[in-house]
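One structure below.
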Amino acid sequence: MRISVQEAAFELGAESDAFAAGVANAGAVVTFTGVVRDADQGGLQAMEIEHYPGMTERALTAIAEEAMDRWSLADTLVIHRHGRLAPGERIMMVATAARHRKDAFEAAEYLMDYLKSRAPFWKKEILSGGGADWVAAKDADEDALKRWQGGKSPAS
Amino acid sequence: MDVLYFAWVRERIGLPREQVETSAATVADLVEELRAREERYAAAFSDLSALRVALDQELSEFDASLEGVREVAFFPPMTGG
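If you read the protein sequences in the order shown, they are chains A and B. Letter by letter, the first sequence follows residues 217 to 372 in this note's numbering. Letter by letter, the second sequence follows residues 1192 to 1272 in this note's numbering.
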């Protein structure tokens, strides 16, 4: 299991290759990558991502450990950037490796659902025309956690 | 104790962290003390349903006890991913 909270960009191919090469006997590797999406009319100049150093690493570790407990996983990887990112830049990635794809897919979705609303990151959109807006959390993101609850949940 | 603010809470209050001397028993008591300080605190804490709190870097609740807590953080709902 590896958790990395970093300002620097990451190489998707290199990270995916290294992750897949590091697991033995896993028939399935799933990766998800989050990218800075431009606003509707090309009005986004940058995305600023703030986080809570210390708590961020603890929360991501707890979420990844919970995924390792709930599914039969060979390994997990979470990389999440902070700082100022341009549209099109990669914000984060998760990777999961398992013997079978169902575990790998479900665990990747679980990691994404939890790190969206339980990892202490905050996004601010810097607009080309001047001005800036904090991205509001969506009810749908909170609702997404309910499908995993029933069992115990991490960091909640 | 150390009190930390993030995102628009930090912007509204105008600082990222401060040392607070308090005898508040719960998070809610601490919020009342902060609100009473100045308008910028009252504005930041006007709607607690829009805020989250972490105690020693673990997500918590506003009715939680502050006993033994060294670090309190206030912030809006998180938007990772």
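Beta carbons: idealized from backbone N, C-alpha and C, even for Gly. These numbers come from a predicted model, not from an experiment.
For residue i and chain A, any beta-carbon pair shorter than 7 Å?
i                 : result
Ala1235 (chain B) : no
Pro1207 (chain B) : no
Met1192 (chain B) : no
Ala1227 (chain B) : no
Ala1215 (chain B) : no
Ala1219 (chain B) : no
In chain order, what residues of the same chain have a beta carbon less than 7 Å from the beta carbon of residue i, not counting five sequence neighbours either side?
i                 : result
Leu383 (chain A)  : Here chain A has residues from 217 to 372 only, and residue 383 (chain A) is not among them.
Met271 (chain A)  : Pro336
Arg1201 (chain B) : Pro1207
Arg1203 (chain B) : Arg1231, Ala1234, Ala1235
Pro1268 (chain B) : Arg1243
Gly243 (chain A)  : Arg315, His316
Ala275 (chain A)  : Arg334, Ala335, Pro336, Ala371
Leu1221 (chain B) : Thr1213, Ala1215, Leu1257, Val1263
Val1226 (chain B) : Looking at the sequence itself, residue 1226 (chain B) is Arg, so the reference to Val does not match. Same-chain partners within the cutoff: Tyr1232, Ala1233, Phe1236.
Ala1245 (chain B) : Ser1251, Ala1264
Ala353 (chain A)  : Ser333
Report yes or no: is there a C-beta of chain B within less than 7 Å of the C-beta of residue i?
i                : result
Gln261 (chain A) : no
Gly304 (chain A) : no
Val246 (chain A) : no
Trp364 (chain A) : no
Glu266 (chain A) : yes
Ala360 (chain A) : no
Ser369 (chain A) : Residue confidence is low: Ser369 (chain A) scores 48 on pLDDT, short of 50, so the model does not pin down where it sits. Its coordinate-derived value is still stated next. No, its Cβ sits nowhere closer than 7 Å to a Cβ of chain B.
Gly250 (chain A) : yes
Ala353 (chain A) : yes
Met217 (chain A) : no
Whose C-beta lies closer than 6 Å to the C-beta of residue i among residues of the same chain, with five residues either side of it excluded?
i                : result
Ser369 (chain A) : Residue confidence is low: Ser369 (chain A) scores 48 on pLDDT, short of 50, so the model does not pin down where it sits. No coordinate-derived value is stated.
Val245 (chain A) : Ala236, Ala313
Ala320 (chain A) : Ala244, Val246, Thr312, Ala314
Give the C-beta separation of residue i and residue j to the nearest angstrom, bearing in mind that I take them to be a contact with Cβ-Cβ under 8 Å.
i                 : j                 : result
Phe1197 (chain B) : Tyr268 (chain A)  : 6 Å
Gln261 (chain A)  : Ser344 (chain A)  : 5 Å
Arg1215 (chain B) : Glu1224 (chain B) : For the sequence presented, residue 1215 (chain B) should be read as Ala rather than Arg. Indeed they touch by this definition, with Cβ atoms about 6 Å apart.
Ala323 (chain A)  : Thr277 (chain A)  : Actually they do not touch by this definition, with Cβ atoms about 15 Å apart.
Val252 (chain A)  : Leu301 (chain A)  : 5 Å
Ser220 (chain A)  : Ile295 (chain A)  : 5 Å
His298 (chain A)  : Glu341 (chain A)  : Actually they do not touch by this definition, with Cβ atoms about 15 Å apart.
Asp1254 (chain B) : Ala1219 (chain B) : 6 Å
Phe1266 (chain B) : Trp350 (chain A)  : 11 Å between Cβ atoms; not a contact.
For residue i, which residues from the same chain have a beta carbon less than 8 Å from its beta carbon, with the 5 sequence-adjacent residues on both sides left out?
i                 : result
Gln1277 (chain B) : No statement about residue 1277 (chain B) is possible, as the shown extent of chain B runs from 1192 to 1272 and does not include it.
Gly347 (chain A)  : none
Gly1205 (chain B) : Arg1231
Is any heavy atom of the ligand ADP found at a distance shorter than 6 Å from the C-beta of residue i?
i                 : result
Ser1240 (chain B) : The ligand ADP is absent from the structure shown, which contains no ligand whatsoever.
How about residue i: is its C-beta nearer than 7 Å to some C-beta of chain C?
i                : result
Ile307 (chain A) : No chain C is present in this structure, whose protein chains are A and B.
Taking Cβ-Cβ distances below 8 Å as the criterion, which residues of the region 1239-1254 of chain B are in contact with chain A? Ala1245, Gln1248, Glu1249, Leu1250
Listed from N- to C-terminal order along the chain, which residues in the region 317-338 of chain A have their beta-carbon within a distance smaller than 7 Å of any beta-carbon of chain B? Met328, Leu331, Lys332, Ser333, Arg334, Ala335, Pro336, Phe337, Trp338
What are the residues of the region 269-302 of chain A that lie near chain B, defined by any Cβ-Cβ distance shorter than 7 Å? Gly270, Met271, Arg274, His296
Under 8 Å (Cβ pairs) to chain B, residues found in the region 219-232 of chain A: none
Could you run through the region 1257-1270 of chain B and flag, in chain order, every residue whose CB is less than 9 Å away from some CB of chain A? Glu1262, Ala1264, Phe1266, Pro1267, Pro1268, Met1269, Thr1270
Whole alpha helix (DSSP H) runs in the region 295-360 of chain A with 4 or more residues, listed along the chain? 317-334
What alpha helix (DSSP H) runs, 4 residues minimum, are completely inside the region 1225-1266 of chain B? 1230-1235
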